[in-house]
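The numbers in the working numbering rise by one with no breaks, and the one at position 141 of the sequence shown is 141. Contents: one structure, followed by commentary.
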Amino acid sequence: MNVCVVGTGYVGLVAGTCLSDFGMNVICVDKVKEKIDMLNRGELPIYELGLIELIQRNVKLDRLHFSTNLKEAVERSLVVFLAVGTPEREDGYADLSQIEAVAKEVAGYMTEYKIIAIKSTVPVGTAKKLRELIRENVSGDVDFDVVSNPEFLREGAAVNDFLRPDRVILGCNSERALAIMRDIYRPLYLLETPIVSTTNETAEVIKYAANTMLALRISFVNEIANLCDIVDADVYQVSRALGMDKRIGPKFLHPGPGYGGSCFPKDVSALSKLSDDVGYDFKLAKAVIEVNARQRELVVEKSLKLLGDAKGKVIGLLGLAFKPNTDDVREAPAIYVARRLMDEGATVQAFDPAAMDEAKKVVDGIKYQKNAYAACEGADLVIIATEWNEFRDLDFSRIKEQVRTANVFDTRNIYDPRALKQLGFNYLATGRS
Ligand SMILES: NC(=O)c1ccc[n+]([C@@H]2O[C@H](COP(=O)([O-])OP(=O)(O)OC[C@H]3O[C@@H](n4cnc5c(N)ncnc54)[C@H](O)[C@@H]3O)[C@@H](O)[C@H]2O)c1
1 MNVCVVGTGY VGLVAGTCLS DFGMNVICVD KVKEKIDMLN RGELPIYELG LIELIQRNVK
61 LDRLHFSTNL KEAVERSLVV FLAVGTPERE DGYADLSQIE AVAKEVAGYM TEYKIIAIKS
121 TVPVGTAKKL RELIRENVSG DVDFDVVSNP EFLREGAAVN DFLRPDRVIL GCNSERALAI
181 MRDIYRPLYL LETPIVSTTN ETAEVIKYAA NTMLALRISF VNEIANLCDI VDADVYQVSR
241 ALGMDKRIGP KFLHPGPGYG GSCFPKDVSA LSKLSDDVGY DFKLAKAVIE VNARQRELVV
301 EKSLKLLGDA KGKVIGLLGL AFKPNTDDVR EAPAIYVARR LMDEGATVQA FDPAAMDEAK
361 KVVDGIKYQK NAYAACEGAD LVIIATEWNE FRDLDFSRIK EQVRTANVFD TRNIYDPRAL
421 KQLGFNYLAT GRS
């Protein structure tokens, strides 16, 4: 089967590559020529473990192609996946301008039956809206279907998540489209991956409900952590014990500086806005947003309390990405904390194994270092902001010799408080201080 994927970002590139690995002929399209040129040179525009090997394999087998030519890609494909960005607008709503523009353009190139499969995360009603938009822009009486096929992959584990999903959601009102989409995901039958076939609207709600639920769990455990700090309890043990309860489960119960990334913040906000628009006051979504904003500010407050006056103080910031194994810094708590502490007069010297180039695009003034130890040199406070594996076993005896003041704020709780205290550090964590 011939398919194309429009948008070669974290989702589109992984989806396109994995679909080609299923045996399909795939053209990945992006409007940014530099990205396509990089991919055609065998370079990866994003950081994602295991992806380059899969790309190389499928390019070699002539099943995977990269192009800026949307017209040709649409003409050659039965299914057109849309995986462009749907970022948050300033007013909190999802910005649908990219996906609407692509839908219009795709419509103009359609001369025979196509399926438009929406992989981007979009508010309820978008599939219906795109159907109307395509109908208005398609020439003649060309038949088509719009399928809502939301994506649940996680950056840092994206290839595995796509190849071994918990479920595949197919929302549409056409038996023909459903049969073709089922055929695309047939390789997953062997793994007994459940396929949920439903309406477009239900599929759209499922994606927002999933992300809001995960964000809610993080905010919940962050509130428990803040309480633990006050009452002298250990959130590490609390969340471990919570997770042992089969009704609750252990995932997404790790306290920290708040969630970030390109999905949770914008998706919880979009769900809240959408609910307002239909006359429903979604109180939990609003509380999740509020708790998360407070959580990252709390890192700043605790740091300032430790530093006294921030002017002239040096912060050794370990980690910039919103989570490990990605170079994505969108809405990263580390970037927020860096900005705030620099505003207060501190100098921030940082190291991240993958995200420094991305950070340079969004924030000025950080002094980038070649490794974690260099970032700690002369620091008055070391902040561990992202739990990269290489930060989990640092030689703190060495760091003790390098820093100006022995303060560590382990926002992700990756160290044993006793061990660092024994080394003479003033150790702060989240909910186990
Ligand atoms: N990043 C994730 O972990 C994740 C997970 C699940 C779902 N999603 C959703 O998937 C969608 C894409 O997310 P992403 O992180 O991959 O975004 P991204 O910003 O990394 O990539 C989007 C790509 O679309 C391209 N693009 C925009 N307009 C285009 C056009 N007219 N023609 C061709 N290409 C165009 C951009 O150049 C960019 O490369 C979003 O709706 C997001 O919410 C993301």
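Every residue, glycine too, gets a C-beta built ideally from N, C-alpha and C.
Which one of the options has the shortest CA to CA distance from residue i?
i: S77; options: S67, I115, L318; result: I115
i: I384; options: E377, F351, A359; result: F351
i: L49; options: G316, D161, A225, F22; result: D161
i: V109; options: Y93, F144, D95; result: Residue identity check: residue 109 is Tyr in the sequence provided, not Val. Selected option, being the one with the closest Cα: F144.
i: L318; options: D410, L307, D327; result: D410
i: P333; options: G345, V11, R412, K311; result: R412
i: G308; options: G345, K273, V238; result: G345
i: T86; options: I414, F282, Y208, L341; result: Y208
i: V337; options: Q295, C376, D327; result: Q295
i: W388; options: D327, S433, E331; result: D327
i: E192; options: L163, A372, A177, K246; result: L163
i: K128; options: E204, A374, S239, K360; result: E204
i: F252; options: N222, Y373, S262; result: N222
i: D395; options: I414, A406, Y373, L381; result: Y373
i: S303; options: C18, D276, P353, V382; result: V382
i: E290; options: G258, L274, D232; result: G258
i: E155; options: L51, E105, L274; result: L51
i: V74; options: Y47, T126, P353, C4; result: C4
According to the Cβ coordinates, are residue i and residue j closer than 8 Å?
i: F264; j: L320; result: no
i: V288; j: L216; result: yes
i: S67; j: I27; result: yes
i: V329; j: A355; result: yes
i: Q349; j: K370; result: no
i: L82; j: S20; result: no
i: T198; j: I180; result: no
i: L306; j: L428; result: yes
i: V300; j: L341; result: yes
i: I118; j: V147; result: yes
i: L70; j: V142; result: no
i: L153; j: V11; result: yes
i: L190; j: P165; result: no
At a cut-off of 7 Å, is residue i close to ligand 1 when judged by its beta-carbon and the heavy atoms of the ligand?
i: G378; result: no
i: G12; result: yes
i: S120; result: yes
i: D30; result: yes
i: A334; result: no
i: C263; result: yes
i: L70; result: yes
i: R154; result: yes
i: A491; result: Residue numbering for the chain in the displayed model covers 1 to 433; residue 491 lies beyond these limits and cannot be assessed.
i: E204; result: no
i: Q295; result: no
i: G50; result: no
i: G249; result: no
i: T111; result: no
i: T126; result: no
i: V221; result: no
i: G7; result: yes
i: K35; result: yes
i: E290; result: no
i: Q237; result: no
i: E151; result: yes
i: A101; result: yes
Could you tell me the alpha carbon to alpha carbon distance between residue i and residue j, rounded to whole angstroms?
i: I195; j: I184; result: 12 Å
i: T386; j: G260; result: 11 Å
i: A103; j: V268; result: 25 Å
i: S97; j: R89; result: 10 Å
i: N426; j: C228; result: 18 Å
i: A457; j: Q402; result: The question about residue 457 has no answer, for the chain in this structure spans 1 to 433.
i: G16; j: E151; result: 12 Å
i: M24; j: M1; result: 5 Å
i: I14; j: V159; result: Checking the displayed sequence, the identity of residue 14 turns out to be Val instead of Ile. Computed Cα separation, rounded: 6 Å.
i: R392; j: R131; result: 49 Å
i: T8; j: D62; result: 18 Å
i: K400; j: A375; result: 13 Å
i: E53; j: I230; result: 48 Å
i: A101; j: F220; result: 38 Å
i: E201; j: A94; result: 16 Å
i: R176; j: L271; result: 30 Å
i: T347; j: G312; result: 7 Å
i: A310; j: I218; result: 29 Å
i: A210; j: D364; result: 34 Å
i: E43; j: D37; result: 9 Å
i: E377; j: T405; result: 10 Å
i: R135; j: T430; result: 52 Å
i: R339; j: V32; result: 29 Å
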